[in-house]
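Residue numbers (our numbering): 362 to 530.
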């Protein structure tokens, strides 16, 4: 272990989230499955808690941040569905209306966790693909011009900033 103790707040919060996730997904509550979930949650929390929660924050603020992340995840899922429908319309239309391009987008994201979340969110959204990141500039391949315009509006970036994850105090 590092300088942090096993009962570090970040570790404990990560462990509880992983164990809760395990219980929801397995939906089996016998001693064997709970034991396996307990062990895997411990291992995952030990490995990932320093990376998932970077700053020292009050234990009470962690659930609020988790709820903000879940709201972002819900918003992203809705946008993935909308983008899938849009790309399907493009692909299935008799005349292909694409104008592929690579755009550059300068972000105001503060840390690597936020940048990773932003880049992955762009890539998960059909019609866009994060090609490269240099410092604060994201290079994104867009299937159509409107996909690039959506990124440049900055709504996705603003929502990631609102989550307020990974900042050092």
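From the three backbone atoms N, C-alpha and C, an ideal C-beta is built for every residue, glycine too.
None of the values given here were measured: they were computed from a predicted structure.
Ignore the nearest five residues each way along the sequence and tell me which others in residue i's own chain have a CB closer than 6 Å to its CB.
i: residue 372; result: 406, 410
i: residue 490; result: 484, 502
So residue i and residue j are supposed to be a Cβ contact under 8 Å. How far apart are they, rounded?
i: residue 433; j: residue 520; result: 5 Å
i: residue 464; j: residue 509; result: 4 Å
i: residue 506; j: residue 460; result: 5 Å
i: residue 500; j: residue 492; result: 5 Å
i: residue 374; j: residue 402; result: Not a contact, Cβ separation roughly 12 Å.
Could you name the residues that DSSP lists as bridge partners for residue i?
i: residue 503; result: 462, 489
i: residue 498; result: 467, 495
In the DSSP assignment, the alpha helix (DSSP H) including residue i goes from what residue to what residue?
i: residue 515; result: Residue 515 -> no alpha helix (DSSP H), and no H or E assigned at all.
i: residue 378; result: 370-387
Leaving out the 5 sequence neighbours to the left and right, which residues in its chain are closer than 8 Å to residue i when beta-carbon positions are compared?
i: residue 412; result: 474
i: residue 387; result: 394, 398
i: residue 356; result: For the chain, the structure presents residues 362 to 530; residue 356 sits outside this window and is missing.
Should the segment 393-405 be regarded as contacting the segment 435-445, the criterion being three or more beta carbon pairs within less than 8 Å? no
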